[in-house]
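Worksheet: the structure to be examined is printed underneath.
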C-alpha cells in the first residue's frame, strides 16, 4: 500500500511540472507583477480540498485537526520559510520539481532543506524545536472556536474563491504567443500544451484529496506533506532505519520521478549549473526552508495548502506570514537586486 | 531605424528573466525588438503573458534545444 504514495507523488510531480504550479511564484507575483492569478489558483486547491476533507471527516474516514496552536513558532517559522523560498527559487514542492528538471541550484536547495529539517526534527536542534513548538495557545481550528460545523467555513471559502475565479475569468482573454506544436493528440496534451492555472489547480486539488485516504490506509493519518517526509528520507539514509520509510517518503520520491518524467518527455530536462550567487542563495534558502518549516510545523504545502483546508489556525497563520516573508525577500532580492543579464545589439542579419 | 537587442538570461531562475526583460525593454524605442534567450521553464508562460498584457507583439518564439528557448518581443 505504500506504493500508492509513490504513484500519487509521481502524478503530483508530473502535474506541477507541466502546469508550472509554483507556490513561490504565486506568492511572489503578488509583489513582482501585482498579479493574483496564481494565488487564486492556489486558493482553488485549498477550497477543493476543503470540500473533500469535510466530507471525509463527516464519513469518519479521517480525523479532525486537534493540535493546539504553537503560536510563536508558527509565526516565526512561516516568516523564515516565506523569506527562504525566494532565495531557494522555489518552495518545497517547487524545489522538488525543479530538481527533476535538472536545475542543480534546486538540488542544492533540496539537499540543504531536507538536511536542516532533519537537524531540526531529529538532530542537535531537536530539543529546541520541541521547546519552541511547546509554547501553545488553546486554539486548534477556526470552526471549533466559532462553534460551528466546518461546512459553514467550506461554504464561505468556496463562495470567496468562486468570486475570485469569476473575477479572473471575466477579464478579456489574452491571445498568448505559443511554441510551434510538434505533437498531436494525447502526447500534445501531456507533454506540450500549456495547462493553465485553473485546470492545474483542479488536478492538484483532486490529488490532495486522494492523499488523505491513501496515506491514512498505511497508518500515516495526514494529507500531502513534504517537510517531515524529507527529514525522514535523510534520517533513513544516515541510520538505515527502514521504519522511517513511510507513505510520505515515497510521496516525495515520487514527486522527483514524476517531474523528471514530465520534463524529459517534453524536452524540458537539462542539467543546468547555476552561477556562484545563485548557488549560495540556493544553499542559504534551503537551510532557511528546513528551519522555517520545522518551526512552523509545515511548509507551503503542509501548512498553507493542507492545514488551511482543515481550517486550522496553524494553516492560515502560516499562509499569511509565509506571504509576508516572500514579500520582504522579493523587495530585497528581486526588485532591488543587481541585474546580470548581458544586452548586446543583434547582428544585422540575425533572425532574418 | 528599429534596432534589435539580444538579452542573454541563460542560467537565471524565474522571475529574473522577466524582471530583466522589463528593464531592458524600457530602454528601447517603439518598434525596436528584444530577443530574450532563457532556460527557465516557467518563463515559457510568464514572458508571453507579460507581452500580451502590454500589447507587445511576439515576432518569434521557439525552442533552441532541450530546456532552452528564445522569444522576440517588439516594443509597441
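Residue numbers (full-length UniProt numbering), protein chains in the order written: chain A, 1 to 352; chain B, 1 to 76.
Beta carbons are placed, not taken as given, at the ideal position from N, Cα and C, and that holds for glycine.
Predicted model only: the values in this text are computed from it and were never measured.
Starting from the C-beta of residue i, find all residues in its chain whose C-beta is less than 6 angstroms away, skip the five residues before and the five after it, and write them out in chain order.
i             : result
residue 73/A  : 132, 133 and 295
residue 60/B  : 72
residue 36/B  : 7, 21 and 71
residue 49/A  : 205, 208, 209 and 309
residue 312/A : 65 and 141
residue 19/A  : 195 and 200
residue 136/B : Since the first residue of chain B shown is 1 and the last is 76, residue 136/B is not available in this structure.
residue 244/A : 232, 235 and 236
residue 265/A : 191
residue 118/A : 231, 234 and 235
residue 271/A : 102
residue 59/A  : none
residue 317/A : 74
Can you give the beta carbon distance from residue i to residue j, rounded, assuming they're within the 8 angstroms contact cut?
i             : j             : result
residue 223/A : residue 235/A : The Cβ separation is near 21 angstroms, so there is no contact.
residue 86/A  : residue 24/A  : 7 angstroms
residue 174/A : residue 44/A  : Rounded, the Cβ-Cβ distance is 20 angstroms, inconsistent with contact.
residue 68/A  : residue 11/A  : Wrong, their Cβ atoms sit about 34 angstroms apart, outside the cutoff.
residue 343/A : residue 9/B   : Residue 343/A to residue 9/B, Cβ: 10 angstroms. No contact.
residue 13/A  : residue 214/A : About 16 angstroms separates the two Cβ atoms, so there is no contact after all.
residue 57/B  : residue 74/B  : 5 angstroms
residue 380/A : residue 200/A : Past the edges of chain A, shown from 1 to 352, lies residue 380/A, and the structure says nothing about it.
residue 217/A : residue 1/A   : 6 angstroms
residue 321/A : residue 79/A  : 5 angstroms
residue 81/A  : residue 325/A : 6 angstroms
residue 108/A : residue 279/A : 6 angstroms
residue 47/A  : residue 158/A : 5 angstroms
residue 298/A : residue 227/A : 6 angstroms
residue 39/A  : residue 48/B  : Contact flag wrong, Cβ pair sits at about 20 angstroms.
residue 41/A  : residue 26/A  : 7 angstroms
residue 53/A  : residue 221/A : No, residue 53/A and residue 221/A are not in contact; Cβ-Cβ is about 12 angstroms, not under 8 angstroms.
residue 99/A  : residue 106/A : 4 angstroms
residue 225/A : residue 302/A : 4 angstroms
residue 23/B  : residue 339/A : 6 angstroms
Among residues of its own chain, excluding the 5 on either side of residue i, which ones have a beta-carbon nearer than 8 angstroms to its beta-carbon?
i             : result
residue 120/A : 126, 128, 129, 231, 290, 291, 294 and 295
residue 352/A : With a pLDDT of only 43 at residue 352/A, under 50, the local geometry of the prediction cannot be trusted, and the value read off the model is given with reservation. Cβ neighbours of residue 352/A beyond the five flanking positions: none.
residue 33/B  : 2, 3, 4, 5, 59, 72, 73, 74 and 75
residue 6/A   : 250, 251, 253, 254 and 257
residue 350/A : Residue confidence is low: residue 350/A scores 47 on pLDDT, short of 50, so the model does not pin down where it sits. No coordinate-derived value is stated.
residue 40/B  : 9, 12, 13, 14, 16 and 17
residue 67/B  : 39 and 41
residue 28/A  : 86, 326, 330 and 334
residue 32/A  : 330, 334 and 335
Who are residue i's beta bridge partners in DSSP?
i             : result
residue 63/B  : 69/B
residue 345/A : 5/B
residue 33/B  : 4/B and 74/B
residue 31/A  : DSSP, once it has assigned bridges, lists no residue as partnering residue 31/A.
residue 354/A : It is not possible to answer for residue 354/A, since the shown part of chain A is limited to 1 through 352.
residue 272/A : 103/A
residue 137/A : 69/A
residue 58/B  : 73/B
residue 312/A : 141/A
residue 38/B  : 69/B
Under 7 angstroms Cβ to Cβ from residue i, same chain only, skipping five residues before and after it: list those, please.
i             : result
residue 101/A : 17, 259, 263, 268 and 269
residue 332/A : none
residue 36/A  : 30
residue 63/B  : 69
residue 181/A : 188 and 192
residue 50/B  : 18
residue 94/A  : 22, 23 and 24
residue 9/A   : 250, 251, 252, 253, 254, 255 and 258
residue 44/B  : 69
Does the CB of residue i have a neighbour CB from chain C at under 7 angstroms?
i            : result
residue 42/B : Among the protein chains in the structure shown, which are A and B, there is no chain C.
Would you check if the stretch 274-289 of chain A and the stretch 104-119 of chain A touch, i.e. whether three or more CB-CB distances between them fall below 8 angstroms? yes
Ignoring anything shorter than 4 residues, give me the alpha helix (DSSP H) runs that lie fully in the stretch 64-127 of chain A, in order along the chain.
71-88, 92-100 and 104-121
Are three or more beta carbon pairs between the stretch 57-77 of chain A and the stretch 246-257 of chain A nearer than 8 angstroms? no
Subject >> Three-pair Cβ contact test at 8 angstroms for the stretch 147-157 of chain A versus the stretch 7-19 of chain B >> reply: no
**Continuous alpha helix (DSSP H) assignments of at least 4 residues falling wholly in the stretch 156-211 of chain A** = 185-191
Which parts of the stretch 278-332 of chain A are runs of the alpha helix (DSSP H), unbroken and 4 residues or longer, counting only runs that do not cross its ends? 313-329
Length at least 4, wholly inside the stretch 209-276 of chain A: the alpha helix (DSSP H) runs in chain order | 227-239 and 247-265
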